[in-house]
Every structure is written in structure tokens, then in C-alpha cells.
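Structure record follows, encoded as C-alpha cells.
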Amino acid sequence: MEGFLGVRKGAWTEEEDNLLRQCVEKYGEGKWHQVPLRAGLNRCRKSCRLRWLNYLKPSIKRGGFTADEVDLIIRLHKLLGNRWSLIAGRLPGRTANDVKNNWNSHIHKRVVSCKEEVKGKAKQITKINVIRPRPLTFKKNVSWSINPSPKMVNIEVQLGHGDNDSNHSALTVPSNEDDILLWKDLLNGKESITVAQELKGPTTTFMAEENAPWTKTGDHFFDDMHGCWGDLSFDVDLWNFSNQNTKL
DNA sequence: AACTCCCCCAACCGCGAACAT
DNA sequence: CATGTTCGCGGTTGGGGGAGT
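Rendered as C-alpha cells:
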């Protein structure tokens, strides 16, 4: 089977597999546009990449999915939707294509029939609310106000996108139910939330209580002289946040 | 045995994101 | 910033082969 300009398509031969395997072993993974030439293959770069990632890569696990793997796929799909590469990333040795094929031909039918069993004759499948992990940081310039009694500081926290600096630490997953809801609001698109923190001493250091929805992040401090926070920034560990607090 | 149907999975395609110039 | 190139992902297709008749 030959395509435009004689580029081969369709099933791979053993000889082609060997050429591709030798090429990747010699030059490493990546730079796929160079692979057809380097390997001496009459295939397009996409075909080479796919063949390696889905079939030839030594770490790929062969054989049927175990019950544990199926269970994990169902849970992850509920959380992530059709984001096969993310799901496969949590299943060592399984490719996105494997997971997708398995879902479409086996698991999906099982899940649907289970739902129908549970819901009796209800045929409507509820829309999956997907929490999409994406890099988020909190803006440094938070607004704040101080209550004299009780001595509390209210801090407004805002989401930013991608303006990372190196002084972050991961956000501790909250255990308090109200805190979870509050932070979920933020992650679900709310522009800002307000949280309260007790003031500690004259030169206030912003400290986290145990199980608070954040951790102290390095050198941030309340600057009395300038009346502002020195450095206040957080990362949200979205994966663990979702994983631990989303009911599956 | 011959034929049809259907399932499974490897591979392709199109598109958006990321990167390079 | 604009444009071109490459990468990576998800949806879809099609052929091989097993099951059923």
C-alpha cells in the first residue's frame, strides 16, 4: 500500500519494525521528522512515532487488562473524561491507544449497562463534569484587610495563569469540608475567594494552621513598613486535590 | 466448507498546542 | 508579533480473524 509520493501506509512489516527499533535505540526517542531518513524507512514521521509509542516501545505491557486496571480506568475516566494520554499515564506499560480501544470496545459497554441496571429504565446518561488539570498559580498581589477584634487578616486570593516563579510549595489538601468547597469554587472558575487567617505577633508571619488549605511558602511575610505582603504565592496540586476530594 | 457478521485493534487523519525562525 | 513547522492527542476507520449459521 503506497500513498502520495510513494510513502508506505498500512500494516508494518517485521523488517520495518527492526529498522525503526534500531534507529530509536541509536538516536533516542524524539525528533520524529528525522526518523524516516535516519532509519531508512519509507514512512511518514507520524506513522513512525505511532508505531514506536503504541507497539515497539519495550516498556509496553501486552495482554488483557487486569480487573484493577479496568477499575482504575473507570475511575480516572469519571474524573478526566476522554483524556486518554492522562489516563494511560497512570497505568504503567499501557498506551493511550490501548486504553482508548479497551474503553470503546469493553469498558464503556460495561459502564453503560451498569448505569442502566442501577437507574432501571432511565436512558439518560449524565454529563461528566470534567476537572481539567492545568497550571495555575496565585497572583502575588493579594488584597487584604485587618479586623481588630478578633485579630484576623482577610486575604483575597486570585488565580493567575502560568506566571510561575521558583518560590512555590504545593498546596496542602484541605480536610475541612467548608475549606474543600471554598477552594473548589476557585478551581471551578470563580475569580477570587476570601480566606481569614489569625495574626501572629507584631512582625506578622503568614502561617498555615494544621490542615489549612495552604502551606507557608518560603519567605513570604507581612511588611509593616510598606503595609503589604512581601511574597505570597502558592501552587495548587490539582492532581492530588481532585484525586483525594472528588467522590468517584 | 463457504459465507456473513461482528469485534478488536493497529493505523490514519485532522486539529490544536508548542516550538522555531 | 507573524508565520511556518513539528509534536501530540483524540476521533475514526478498515482489515484481519473468530464466531455463528
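So the first sequence is numbered by the UniProt record's numbering: it starts at 1 and just counts up by one. Where is the CB? At the ideal position from N, CA and C, for every residue including glycine. Quick caveat, the model's predicted, so the values are computed rather than measured.
Inspect the beta-carbon positions of residue i and residue j and report whether they are closer than 8 Å.
{"i": "residue 60", "j": "residue 107", "result": "no"}
{"i": "residue 11", "j": "residue 23", "result": "no"}
{"i": "residue 69", "j": "residue 37", "result": "no"}
{"i": "residue 45", "j": "residue 8", "result": "no"}
{"i": "residue 96", "j": "residue 85", "result": "yes"}
{"i": "residue 20", "j": "residue 41", "result": "yes"}
{"i": "residue 102", "j": "residue 65", "result": "yes"}
Specify the secondary structure class of residue i as computed by DSSP and reduced to three states.
{"i": "residue 51", "result": "helix"}
{"i": "residue 38", "result": "helix"}
{"i": "residue 60", "result": "coil"}
{"i": "residue 89", "result": "helix"}
{"i": "residue 31", "result": "coil"}
{"i": "residue 14", "result": "helix"}
{"i": "residue 213", "result": "Because the pLDDT at residue 213 is just 38, under 50, the model does not fix this residue reliably, and the value given afterwards should be weighed accordingly. DSSP places residue 213 in coil when its eight states are reduced to three."}
{"i": "residue 102", "result": "helix"}
{"i": "residue 23", "result": "helix"}
{"i": "residue 82", "result": "coil"}
{"i": "residue 94", "result": "coil"}
{"i": "residue 45", "result": "helix"}
Let's test the definition: count the other Cβ atoms within 10 Å of the Cβ of residue i and tell me whether it reaches 16, buried, or not, exposed.
{"i": "residue 15", "result": "exposed"}
{"i": "residue 67", "result": "exposed"}
{"i": "residue 13", "result": "exposed"}
{"i": "residue 94", "result": "buried"}
{"i": "residue 77", "result": "buried"}
{"i": "residue 71", "result": "exposed"}
{"i": "residue 29", "result": "exposed"}
{"i": "residue 227", "result": "Interpretation of residue 227 is limited by its pLDDT of 47, a score under 50 that renders its predicted location unreliable; the figure taken from the coordinates is listed afterwards. Residue 227 comes out exposed."}
*Would you say the region 80 to 88 touches the region 41 to 51, given that touching needs at least three Cβ pairs under 8 Å?*
Contact between the region 80 to 88 and the region 41 to 51 is absent, with fewer than three C-beta pairs closer than 8 Å.
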